[in-house]
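Novice: Each residue of the sequence shown is one higher than the one before, counting from 3 in this note's numbering.
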Amino acid sequence: MRFEFASSENRTVLRAVFEEGDRTEGQRAEGAGTTIVYSGDDIEFDYGVTAVHPDLLGLLCLIIFYPFVGDRVVFPVPVSPRLEEAFRNPNFKRQFSFDNVDSSIEAYSGSSMALAFGGGIDSSAVRTMFPEAYVVHEAHWREGRLVPAGTHRVVNDMGLDRGRVVATNQRYVSKPGGWHGWTCSLATALLLATDHDFGIILMGTPLGGTLLKAGTGYFDRFRARGWHGVTGNFWQSAFNAVGIPVFSPVCGASAFLTMGLSLDLIRSGEVFYCTEQGGHACHQCPKCCRRDIIRAVVDPGHRPQWAPYDNQAVHAYLSQDPQSQGHLLSYARPRVDGLPRFIRSSLKGLQKIRSDWPMRVHAGTLDFCDDRWRPAISQRVLEHLDPMGPTEIAELETWNGARQARGLGAGRFARMLRRAA
3 MRFEFASSEN RTVLRAVFEE GDRTEGQRAE GAGTTIVYSG DDIEFDYGVT AVHPDLLGLL
63 CLIIFYPFVG DRVVFPVPVS PRLEEAFRNP NFKRQFSFDN VDSSIEAYSG SSMALAFGGG
123 IDSSAVRTMF PEAYVVHEAH WREGRLVPAG THRVVNDMGL DRGRVVATNQ RYVSKPGGWH
183 GWTCSLATAL LLATDHDFGI ILMGTPLGGT LLKAGTGYFD RFRARGWHGV TGNFWQSAFN
243 AVGIPVFSPV CGASAFLTMG LSLDLIRSGE VFYCTEQGGH ACHQCPKCCR RDIIRAVVDP
303 GHRPQWAPYD NQAVHAYLSQ DPQSQGHLLS YARPRVDGLP RFIRSSLKGL QKIRSDWPMR
363 VHAGTLDFCD DRWRPAISQR VLEHLDPMGP TEIAELETWN GARQARGLGA GRFARMLRRA
423 A
């Protein structure tokens, strides 16, 4: 696959020229790997770059077109061996040759923070902790039209000295629609990085996406560093390798903590997470239901209207096995006054959580951050959040979102307390 790149005052175009061995059908580079079919459209951004480091441009090409690459890649300009080596990690199922590599290219390095901002609760929590980070929000073109979203106004109101909305069609150039992989959410920040001297891209991925497999069970990401690289995720480690590390300061914090950090922004109407009505909460879908349950734990004055959630979609969500985000629901069940019976009864059989680990941050996850940035980011996170103790970490590691999971009985929990003392 050959890549072409052109940029003018207010427009950047990235084109993939397909060669023998490339394919227009591939698997999305996240989750179960949904089959996607590429339309052939160029990737467009309504931002014109002044400069872009070769490795960052090469990485941008790969995160967008990775599912469709065949035997080789040829970038618009030569890249360094650092990018090539990053993609030799065997966790990348697709292996291909790099045809234009120049060992004389200096490593990229920047000095400021960027926040890849989705506008939801988790990235808003990062925005609260790191107000100095330059906010980059991706707006979406679908079939030539801008998809409405309340976050556009929030970021535009910041002014260009603090944040920018960049519109692109990259999320809707394949069927079914959606980013080609989770790292595509970082594409606009990557495009702007050289011009803005970004040295790290912050994102808002909480504990459920780092250590808990979306809340269904514990994943030992610390051990996974042995084969994924220093970050515990091979894609994330590729960003580190080319000098633009990616890190979520809330990767050790549950959604209870990110909700708590975001409350002021929620109350001021600056947080959008539902897919309905431009991001405004519909108060009927499973996601809104879960958000109301979470908020009821951390915001004593929050009084949700539960009746609209008594519908088929919410019932189906609350009956999953294993239960997505089950750790949040299990912890909330005995702590939310007035939780209706149709919710409370649906959550029977989930493993009980006996300590308060969902209300603490796992400070060990700060080790996933790049060495250069770790001290400052760790200090800021721990100014806002209390760390888990050994007992809480031990219970976290037992989490299982399957129904009737054994978990910790009272006797076993007491023994664990004695060992941790």
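Think of the CB as a built atom: it goes at the ideal place given N, C-alpha and C, for glycine as much as any other residue.
1. Below 8 Å on the Cβ atoms is my contact criterion, and I expect Arg25 with Gly180 to pass it. Report the Cβ-Cβ distance as a whole number of Å.
2. Can you tell which of Glu22, Leu267, Arg346 has the C-alpha that lies nearest to the C-alpha of Asp312?
3. Counting pairs of beta carbons, one from the stretch 142–151 and one from the stretch 380–393, are three or more of them closer than 8 Å?
4. Among Gln238, Thr14, Gln325, Ser357, which has the Cα closest to the Cα of Val168?
5. Hey, quick one: how far does the alpha helix (DSSP H) through Ser332 stretch, first residue to last?
6. Taking the alpha-carbon of Cys186 as reference, which of Glu397, Leu259, Trp237 has the nearest alpha-carbon?
7. In angstroms, rounded to a whole number, what distance separates the CA positions of Glu32 and Gly183?
8. Restricting to Cα atoms, I'd like to know which of Ser114, His282, Asp197, Glu399 is closest to Trp375.
9. Are there 16 or more other CB atoms within 10 angstroms of the CB of Leu193, so buried, or fewer, so exposed?
10. Put Arg346 into one of helix, strand or coil per three-state DSSP.
11. Since Gln325 is in the alpha helix (DSSP H), which residue starts that stretch and which ends it?
12. Classify Trp427 as buried or exposed, calling it buried when 16 or more other Cβ atoms lie within 10 Å of its own Cβ.
13. Which residue or residues does DSSP assign as beta-bridge partners of Thr14?
14. Determine the closest residue to Gly366 out of Ile395, Pro78, Ser99, Ile355, with distance taken between C-alpha atoms.
15. In whole angstroms, what is the alpha-carbon distance linking Ala318 and Asn402?
16. In angstroms with no decimal places, state the Cα-to-Cα distance between Pro78 and Leu64.
17. I need the straight-line Cα distance from Thr52 to Phe200, nearest angstrom please.
18. Contact between the stretch 124–143 and the stretch 280–289: three or more CB pairs below 8 Å?
19. For a test of the three-state rule: what should DSSP assign to Glu272, helix, strand or coil?
20. If you reduce the DSSP assignment to three classes, tell me which class Phe77 lands in.
21. Could you check the C-alpha separation between Ser250 and Pro208 for me, to the nearest Å?
22. Do you know offhand how far Val383's Cα is from Val248's?
23. The alpha helix (DSSP H) that contains Leu384, what's its start and end?
24. Leaving out the 5 sequence neighbours to the left and right, which residues in its chain are closer than 6 Å to Ser126 when beta-carbon positions are compared?
25. Considering just the uninterrupted stretch of the beta strand (DSSP E) at Tyr200, what are its terminal residues?
26. Alpha carbon to alpha carbon, how far is Gln381 from Leu16?
27. Answer with buried or exposed for Val81, where buried requires no fewer than 16 other C-beta atoms within 10 angstroms of its C-beta.
28. Would you mind stating whether Gly210 and Gly217 have Cβ atoms separated by less than 8 Å?
29. Closest by CA to His57, which one among Ile355, Ser99, Asp104, Glu46?
30. So Trp229 is in the alpha helix (DSSP H); what residue range does that whole segment cover?
31. Since I believe Leu330 is in contact with Arg356 (beta carbons under 8 Å), could you give me their beta-carbon distance rounded to a whole number of angstroms?
32. Taking a contact to mean a Cβ-Cβ separation below 8 Å, would you say Leu349 touches Ser326 in this structure?
33. Based on DSSP bridge pairs, tell me the residues matched to Ser165.
34. My guess is that Gln406 and Gly351 are in contact by the Cβ rule of under 8 Å, so how many angstroms apart are they, rounded?
35. Is it true that the CB of Gly23 sits closer than 8 Å to the CB of Asp101?
36. Consider the C-beta atom of Ser357 and the heavy atoms of the ligand ADP; say whether any pair is separated by less than 7 Å.
Specialist: Let me spell this out:
1. Here residue 25 is taken as the residue at index 23 of the sequence shown, counted from 1. Here residue 180 is taken as the residue at index 178 of the sequence shown, counted from 1. That belief does not hold up - the Cβ atoms of Arg25 and Gly180 are roughly 18 Å apart, past 8 Å.
2. Mapped onto the sequence shown, residue 312 falls at position 310. Measuring from the Cα of Asp312, the nearest candidate turns out to be Arg346.
3. no
4. Along the sequence shown, one-based indexing puts residue 168 at 166. Considering only alpha carbons, the answer is Thr14.
5. Here the question's residue 332 lines up with position 330 in the sequence shown. Unbroken alpha helix (DSSP H) run through Ser332: 328–334.
6. For the purposes of this step, residue 186 is taken as residue 184 along the sequence shown, with counting starting at 1. The option with the nearest alpha carbon to Cys186 is Trp237.
7. As a working mapping, residue 32 is identified with position 30 in the sequence shown. As a working mapping, residue 183 is identified with position 181 in the sequence shown. Each residue's Cα considered, the two are about 5 Å apart.
8. The sequence position of residue 375 within the sequence shown is 373, counting from 1. When C-alpha distances from Trp375 are compared across Ser114, His282, Asp197, Glu399, the shortest belongs to Ser114.
9. Mapped onto the sequence shown, residue 193 falls at position 191. Classification of Leu193: buried, given that the 10 Å Cβ count is 16 or more.
10. For the purposes of this step, residue 346 is taken as the residue at position 344 of the sequence shown. Helix, per DSSP.
11. Here residue 325 is taken as the residue at index 323 of the sequence shown, counted from 1. Per DSSP, Gln325 belongs to no alpha helix (DSSP H) and is neither H nor E.
12. Limits of the chain in this structure are 3 at one end and 423 at the other, which puts residue 427 out of reach.
13. Position 12 of the sequence shown, counted from the start, is the residue given in the question as residue 14. In the DSSP assignment, Thr14 is bridged to Ser9, Phe47.
14. For the purposes of this step, residue 366 is taken as residue 364 along the sequence shown, with counting starting at 1. Looking at the Cα atoms, Ile395 is the closest of the given residues.
15. The count along the sequence shown starts at 1 and reaches residue 318 at position 316. The count along the sequence shown starts at 1 and reaches residue 402 at position 400. Distance between the alpha carbons of Ala318 and Asn402 is about 19 Å.
16. Taking the sequence shown and counting its residues from 1, the one referred to as residue 78 is at position 76. Taking the sequence shown and counting its residues from 1, the one referred to as residue 64 is at position 62. Cα to Cα, the separation comes out at about 12 Å.
17. Locating residue 52 in the sequence shown gives position 50, where the first residue counts as 1. Locating residue 200 in the sequence shown gives position 198, where the first residue counts as 1. Each residue's Cα considered, the two are about 14 Å apart.
18. no
19. To locate residue 272, count along the sequence shown from 1; it is residue 270. Here Glu272 sits in coil by DSSP.
20. In the sequence shown, the residue the question calls residue 77 occupies position 75. Coil, per DSSP.
21. Working through the sequence shown from its first residue, we reach residue 250 at position 248. Working through the sequence shown from its first residue, we reach residue 208 at position 206. Ser250 and Pro208: Cα-Cα distance of roughly 7 Å.
22. On the sequence shown, residue 383 is found 381 positions in, with the first residue counted as 1. On the sequence shown, residue 248 is found 246 positions in, with the first residue counted as 1. Spanning the two alpha carbons is a distance of roughly 16 Å.
23. Position 382 of the sequence shown, counted from the start, is the residue given in the question as residue 384. Unbroken alpha helix (DSSP H) run through Leu384: 376–386.
24. Reading the sequence shown from its first residue, position 124 is the one you call residue 126. So the qualifying residues of the chain are Ser264, Leu267, Val273.
25. Residue 200 sits at position 198 when you count from the first residue of the sequence shown. The sequence given here places Phe at residue 200; Tyr does not occur at that position. That run of the beta strand (DSSP E) goes 200–204.
26. Counting from 1 along the sequence shown, the entry for residue 381 is found at position 379. Counting from 1 along the sequence shown, the entry for residue 16 is found at position 14. So the two alpha carbons sit approximately 39 Å from each other.
27. As a working note, residue 81 is residue 79 in the sequence shown. Buried, since its Cβ has 16 or more Cβ neighbours within 10 Å.
28. By one-based count along the sequence shown, residue 210 stands at place 208. By one-based count along the sequence shown, residue 217 stands at place 215. Going by C-beta atoms, Gly210 is nearer than 8 Å to Gly217.
29. Residue mapping note: residue 57 aligns to position 55 of the sequence shown, counting from 1. First, the amino acid is wrong: residue 57 is Asp here, not His. When each option's Cα is compared against that of Asp57, the closest is Asp104.
30. If you number the sequence shown from 1, residue 229 lands on position 227. Start and end: 223–230.
31. In the sequence shown, counting from the first residue as 1, residue 356 sits at position 354. In the sequence shown, counting from the first residue as 1, residue 330 sits at position 328. Contact flag wrong, Cβ pair sits at about 16 Å.
32. Here the question's residue 349 lines up with position 347 in the sequence shown. Here the question's residue 326 lines up with position 324 in the sequence shown. Ser326 is positioned such that its CB atom lies no closer than 8 Å to that of Leu349.
33. Residue numbering aside, residue 165 sits at position 163 when the sequence shown is read from its first letter. Inspection of the sequence shows that residue 165 is occupied by Gly rather than by Ser. Partner(s): Val137.
34. Taking the first residue of the sequence shown as position 1, residue 406 is located at position 404. Taking the first residue of the sequence shown as position 1, residue 351 is located at position 349. The C-beta distance from Gln406 to Gly351 rounds to 5 Å, short enough to meet the 8 Å contact threshold.
35. For this step, residue 101 is matched to residue 99 along the sequence shown. For this step, residue 23 is matched to residue 21 along the sequence shown. Against a cut-off of 8 Å, the Cβ pair of Gly23 and Asp101 comes out as no contact.
36. The model on display carries no ligand, and the ligand ADP is accordingly not part of it.
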